[in-house]
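**Student:**
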Amino acid sequence: MSRAASTSRRLPRSAVLATAVAATLAATLTPPAFAESLLPNGGFEQVTAAGLPEGWGPWKPAGNGTIAVVDGAGPDGSRALELRGDSADDRTAVGRRVTNPNPGKVQFFRVSLDVRAEKVAGYAAAVRVQYVGGGVPLSLVGRTSGTHDWRRVTEYVAAPAGTTELSVEPMLDSASGRYLIDNLTVEAVDAAGVTTASPQPTGEIELAWNFAGLAAAPAAYEIHRSADPDFTPSADTRIRTLKNFTAAEDATTAPGSAYTYKVVALAADGTPLGTTAPATATGAAVFEDQQRTDVLSATAVGKETRLAWRFTAGATGPVSVYAGRHKVGTYDIADGGVTLTNGQRRGADGFTVVRDGKVAATATRGSLQHPRAEATRDRLADARKAVAVPGSTPQKAWQQLLERVQAGPSAYGGSVYSQNCVWGSEAALAHQLTREESYAQRAFEGFVASEQDLPYLTTTNLLESANCIVRLAQIYDWSYDAWTDEQRARAHEAFQRMEAFFEVGHHPNIDRANDKASNWVAVIRGAELAMRLAIRGDGPFDLQERRIADLTDQLRRHLDGAYADTGWDQEGLDYLSYGLTIAAPGIKSSLDAGIGALERSWNRPQFAGLLMRSLSLREKTDRLQWGVGNPQGGVAVSPLFFESTPKEQLPYWLWHFERTMGVGGTTPMTASSQALATVLYWPVGVTPRDPDRGPASVRRAFLDDHGGAYQFRSRYQDKDDVLVGLTNRNDTHLGWNGYETFGLTLIADDATWARSTAKDLTKRELLSKPLIDGRPERRSVANDDSLGQGSTLQSRAYEGQGGGFVSLDGHLNYEVAKARRDIAVDLRPVGGADSVIAVHDAFADSVPHRYDWQLSPEAGVGITFGETESGAKTFLFRKGDSYLKGWVLDPDGAELSVDKGAFRVTRTGTDADFRIVLATGRGTPPAAVADGTMLTLGLTTYNLDDLASHRPSAR
């Protein structure tokens, strides 16, 4: 976790308030007995002819990292394994598997190694241990950073029952520098209690412990720490207490300091059951600060106002603090904040921190009174008005919500924890809207049942728990006023487990410092932010100032890195919806708390505009595809965009929402997972308006040159509207992605004429894009991943219609000398057609290839081809009386075919040009006149070699 290099940090309030240690502690359990190392060639002395360690397989999925065995580099002058990386994008490792001798039970292992680091920075320089068949997250052993000489590291890991093998991988993962490893051993341990202490580059020391063979099941654990390796646990050494959880972090360390840890297991009555063997760890010499956002919060605490700030890493010096226009004073950045009296505040509710003469961060005064977030007084008042409108979408959503709440958890799908957390959150909202306490009691039942069943760290997927924790935060916040002190205390105990879960949960998709765009960041960091804002200042929890600033920073970078100004992101609409349904409560909670750092980043992407251009009015809401998005269905996150949609566009977004996901829409979502958002965020007083009569901002094309993504729409009327999506993968980041260089999706006249794969990435017949030698993108690697190195040469929207022109370069993604696409999307009636798309794709390389220009329509479309019309070859897609007709200009050498439902135009050689015109409509397809590289439809001529000059009139 990110944290500045501070040597003085306050103990968590939970540690201060923990119960006293029993007077007599049980003795440390039987010392561990170790078997011989299970790991062959852990000293890396045996080397292959290629210079790699014998028996170890290389792993290099990304970047230019190197693997070598270096003579004489080990701590004793022997050989050592060397991993090098020159950027945070490098991922390099070697790995091998060892057999678990006791797969039928929890088996402990001691992992030891010598490690040396030179200028190591990034996600992980460590030995990754994964548990094959065990179904739990990985362990990172000996994680290090910076520069240091040889150091011996020993940590314990626990392989759960069912683990057949351990995958052991020394790695430099998303990290740069020189990382050396030697004398790596993995020994099975016969022990009753072990603790692992793992230093993190950001300063925390993460702890995990396991007990076996105790007289009773532990009800709680006390974490003890001392600078004395031979210490005896006592009240003075206790730093934290947790119930029913076996991992946590120590965030109160000092740089370069060594600490020894022991964990005491307690029975339900507080009697000690046993103490683990000691574990010693040395913190990083310099703590890595990953903060990249200036964050200010202002919180009412009694009659005072607490201002807390955290600045971008490396910031030093003075800052000026203003309450309204009044300067309160000048403070040092290192102070981290100041508490203002009412006299200092002078009635102001807005605060500003100025650094170097510029506004660095702003905040408005937030309250700790519940409900704190989302269910605010104004939103609740509007929600009551909205659900009172007969036959309206919010009324229908509200009625169905109450029916589900009355029916209980069984009315919801999914696991026990999922059913109960959603049930509880809807019951909590029902309590707020009706003021009936019985709903708050249902919410409590859902809270307890869900939290008790959360998988936490027992599955490989940290997302599963985060999905529910955001709901548990809502339950607590919205039900707090109706719960007893005992119920609140029960919730606090549960939230302490959740705190620990977030502290020690790791995955590259959330841990990489330079890439926060994955949906994992939205889900896991968003859920944690919602939770911490809900509980801060309550019971054992302090104001969580540093961690909230850290989470705010990560979510700001997620929003700025994942979503274009148009709202587009590479993972597709389903993951956009999934990530933001979890992140939005945290984001909105921060805004409701008065923290201004996310306001611009949340309001910048035009999410509503993207959905308007991407969701059709067909019966099942067919939609444009990119990433791994599905071809049909509504988008659950949609109502969460009502508040962030520009005011002048909101009536038109509401019109489209009602006709797609509203009560009378093509795919009503009044019973979706975000039905409560429909009730809570409904724009009361806004009248839906036809977008075709709206401003250009809701009708013109969406152009994103950074990501290489473009959406066009002819109109907003019915199932015959024409929607076109183009992609080029100009950029890439962690997370799901599709094969999108020169990608096309096309919906028109109640048919999907060009689709994509969703997650069926191996089904190449579902792609609508050119393929080279049967490969959709990169040809030099087996997994076809996209390099994200496309570029946009030109893009513009046509005046008076929803079409436009785009020129794209994709030769680096295809790995050929030339790959260029010029495409004109003309969304006005032309020559009897409803729309025309003219495309010129040009390829060239030093060696010959097979080039397939492919369109994949929805199932049930009839395809014929081969007719000649004015020198051009034609093809025809039919569904009912709807058509897509195509002309292949300069057809010599082109072979037309259909394979597995996909239409192809194939050329072979060192170069290939595809000049193709598509027309869509109903009834009789139009005829055209071809003349070399030009095709004329009606009165409009398209010059395929000069599409940039095409300037169509308004429709």
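Number 819 in the working numbering belongs to position 810 of the sequence shown; there are no gaps in the numbering.
All C-beta atoms, glycine included, are put in the ideal place defined by N, C-alpha and C.
Note that the coordinates shown come from a computational prediction; the quantities given were computed from them, not determined experimentally.
#1: Can you find the residues in the same chain that come closer than 7 Å, C-beta to C-beta, to R565, ignoring five residues on each side of it along the sequence?
#2: Check Q726 in the structure and name its three-state DSSP category.
#3: Would DSSP call M621 helix, strand or coil?
#4: Cutting at 7 Å between CB atoms, please list the residues of its own chain near G338, excluding the five before and the five after it.
#5: In terms of residues, what are the limits of the alpha helix (DSSP H) holding S488?
#6: So, at 7 Å on beta carbons, what are the nonlocal neighbours of H516 in its own chain, with the 5 sequence-adjacent residues on each side left out?
#7: Less than 8 Å between the CB atoms is what I'm expecting for T291 and A267, so what's the real figure, rounded?
#8: When the distance is taken between beta carbons, is T153 closer than 8 Å to A170?
#9: Can you give me the Cβ contacts of T289 inside the same chain, cut-off strictly under 8 Å, excluding the 5 residues immediately before and after it?
#10: Express the C-alpha separation of C477 and T172 in angstroms, rounding to a whole number.
#11: For the pair the region 552–566 and the region 390–399, tell me if three or more CB-CB distances fall below 8 Å.
#12: Between the Cα of A103 and those of S623, G703, S176, spot the shortest distance and give me the residue it belongs to.
#13: Spatial neighbours of T883 within its chain, please: CB distance less than 6 Å, with the 5 preceding and 5 following residues excluded, ordered by chain position.
#14: For the beta strand (DSSP E) containing L905, list its first residue and its last residue.
#15: Mind pulling the alpha helix (DSSP H) runs of 4 or more residues that sit fully within the region 322–370?
#16: In the DSSP assignment, find the unbroken beta strand (DSSP E) run with N952 in it and report its ends.
#17: Could you pull out every residue in the same chain whose Cβ sits closer than 6 Å to the Cβ of Q803, ignoring the five residues on either side in sequence?
#18: For V530, which of helix, strand or coil comes out of DSSP?
#19: I'd like the list of long-range same chain contacts for A482, defined as Cβ closer than 6 Å, with 5 residues on each side in sequence excluded.
#20: State buried or exposed for R451, treating a residue as buried only when at least 16 other CB atoms are found within 10 Å of its CB.
#21: I need the boundaries of the beta strand (DSSP E) containing I248, first residue and last residue.
#22: Does the region 651–658 touch the region 735–748, meaning 3 or more C-beta pairs lie closer than 8 Å?
#23: With a 10 Å radius around its C-beta and 16 neighbouring C-beta atoms as the bar for buried, classify G889 as buried or exposed.
#24: Under 7 Å: does the beta carbon of A244 sit that close to some heavy atom of the ligand COA?
#25: Just to confirm, is the Cβ distance from V457 to R499 under 8 Å?
#26: Starting from E178, trace the alpha helix (DSSP H) both ways and give me its first and last residue.
#27: Could you check the C-alpha separation between V368 and H157 for me, to the nearest Å?
#28: Find the nearest neighbour of T101 within the set R187, A59, V162, F117, judged by alpha-carbon distance.
#29: Please state the DSSP three-state secondary structure of M678.
#30: Near E63, which residues of its chain fall below 7 Å by C-beta distance, leaving aside the five closest residues on each side in sequence?
#31: Run the CB neighbour count on N351, radius 10 Å, all protein chains shown included, and call it buried at 16 or more, exposed below.
#32: What are the start and end residues of each continuous alpha helix (DSSP H) run of 4 or more residues lying completely inside the region 424–466, in chain order?
#33: Identify whether A288 lies in helix, strand or coil by the three-state DSSP scheme.
#34: Grab the span of the beta strand (DSSP E) containing W68 for me, first residue to last.
#35: In whole angstroms, what separates the C-alpha of K336 from that of G375?
#36: Determine, using beta carbons only, whether S586 and V672 come nearer to each other than 8 Å.
**Tutor:** Looking at the coordinates:
#1: On the sequence shown, position 556 is the one that residue 565 refers to. Contacts found: T302, A606, L607, S610.
#2: Here residue 726 corresponds to residue number 717 of the sequence shown, with the count starting at 1. The answer is coil: DSSP assigns Q726 none of H, G, I, E or B.
#3: The sequence position of residue 621 within the sequence shown is 612, counting from 1. Looking at M621 - three-state DSSP - the assignment turns out to be helix.
#4: One-based indexing of the sequence shown puts residue 338 at position 329. The residues are V330.
#5: As a first step, residue 488 must be located in the sequence shown, where it is residue number 479. Its alpha helix (DSSP H) spans residues 472–488.
#6: Sequence index remark: in the sequence shown, residue 516 carries index 507 (1-based). Excluding residues within five positions, the ones whose Cβ falls inside 7 Å are L471, W529.
#7: To locate residue 291, count along the sequence shown from 1; it is residue 282. To locate residue 267, count along the sequence shown from 1; it is residue 258. Correct: roughly 4 Å between the Cβ atoms.
#8: Within the sequence shown, numbered from 1, the residue matching residue 170 stands at position 161. Within the sequence shown, numbered from 1, the residue matching residue 153 stands at position 144. No. Outside cutoff.
#9: Here the question's residue 289 lines up with position 280 in the sequence shown. Closer than 8 Å at Cβ, skipping near neighbours: A206, P238, A267, Y268, T269, Y270.
#10: Counted from its first residue, the sequence shown places residue 172 at position 163. Counted from its first residue, the sequence shown places residue 477 at position 468. Approximately 27 Å, taken between the alpha carbons.
#11: no
#12: Position 94 of the sequence shown holds residue 103. Residue identity differs from the one stated: residue 103 is Val in this sequence, not Ala. Per the Cα distances, S176.
#13: Looking up residue 883 in the sequence shown gives position 874. If we look at T883 and ignore the five residues flanking it on each side, its Cβ neighbours are E876, W896.
#14: For the purposes of this step, residue 905 is taken as the residue at position 896 of the sequence shown. Per DSSP, L905 belongs to the beta strand (DSSP E) from 904–908.
#15: 351–354
#16: Your numbering for residue 952 matches position 943 in the sequence shown. 949–952 is the span of the beta strand (DSSP E), which, as asked, contains N952.
#17: Reading the sequence shown from its first residue, position 794 is the one you call residue 803. Excluding sequence neighbours, Q803 sits near S816.
#18: Numbered from 1 along the sequence shown, position 521 holds the residue referred to as residue 530. Helix, per DSSP.
#19: Your numbering for residue 482 matches position 473 in the sequence shown. Within the same chain, A482 has close Cβ partners A539, M540, A543.
#20: As a position in the sequence shown, residue 451 is number 442, starting the count at 1. It is buried - the Cβ of R451 has at least 16 other Cβ atoms within 10 Å.
#21: On the sequence shown, residue 248 is found 239 positions in, with the first residue counted as 1. Per DSSP, I248 belongs to the beta strand (DSSP E) from 247–251.
#22: The region 735–748, when compared against the region 651–658, does not touch it at the 8 Å Cβ threshold.
#23: For the purposes of this step, residue 889 is taken as the residue at position 880 of the sequence shown. Counting the other Cβ atoms within 10 Å of the Cβ of G889 gives fewer than 16, which makes it exposed.
#24: For the structure depicted, the ligand COA is absent and the ligand set is empty, with no information on it obtainable.
#25: In the sequence shown, the residue the question calls residue 457 occupies position 448. In the sequence shown, the residue the question calls residue 499 occupies position 490. A contact, by the Cβ cut-off of 8 Å.
#26: Within the sequence shown, the letter at position 169 stands for residue 178. Not the alpha helix (DSSP H): E178 falls in the beta strand (DSSP E), residues 174–199.
#27: Start at 1 with the first residue of the sequence shown, and residue 368 comes out as number 359. Start at 1 with the first residue of the sequence shown, and residue 157 comes out as number 148. Cα to Cα, V368 sits roughly 39 Å from H157.
#28: Translated into the one-based positions of the sequence shown, residue 101 becomes position 92. Minimum Cα distance to T101 is reached at R187.
#29: Working through the sequence shown from its first residue, we reach residue 678 at position 669. The DSSP-derived three-state label of M678 is coil.
#30: Taking the sequence shown and counting its residues from 1, one reaches residue 63 at position 54. The answer, listed in chain order, is N50, Q55, V56, T57.
#31: For the purposes of this step, residue 351 is identified with residue 342 of the sequence shown, where counting begins at 1. So N351 counts as exposed.
#32: Within the region 424–466, the alpha helix (DSSP H) runs of at least 4 residues that lie entirely inside it are, in chain order, 425–443, 446–462.
#33: Counting from one through the sequence shown, the residue named residue 288 turns up at place 279. Strand at A288.
#34: The residue labelled residue 68 in the question sits at position 59 within the sequence shown. Per DSSP, W68 belongs to the beta strand (DSSP E) from 66–71.
#35: Your numbering for residue 336 matches position 327 in the sequence shown. Your numbering for residue 375 matches position 366 in the sequence shown. For the pair K336 and G375, the Cα-to-Cα distance works out to about 20 Å.
#36: The residue you call residue 586 lines up with position 577 of the sequence shown. The residue you call residue 672 lines up with position 663 of the sequence shown. It is not a contact, given that the beta carbons lie outside the stated cut-off.
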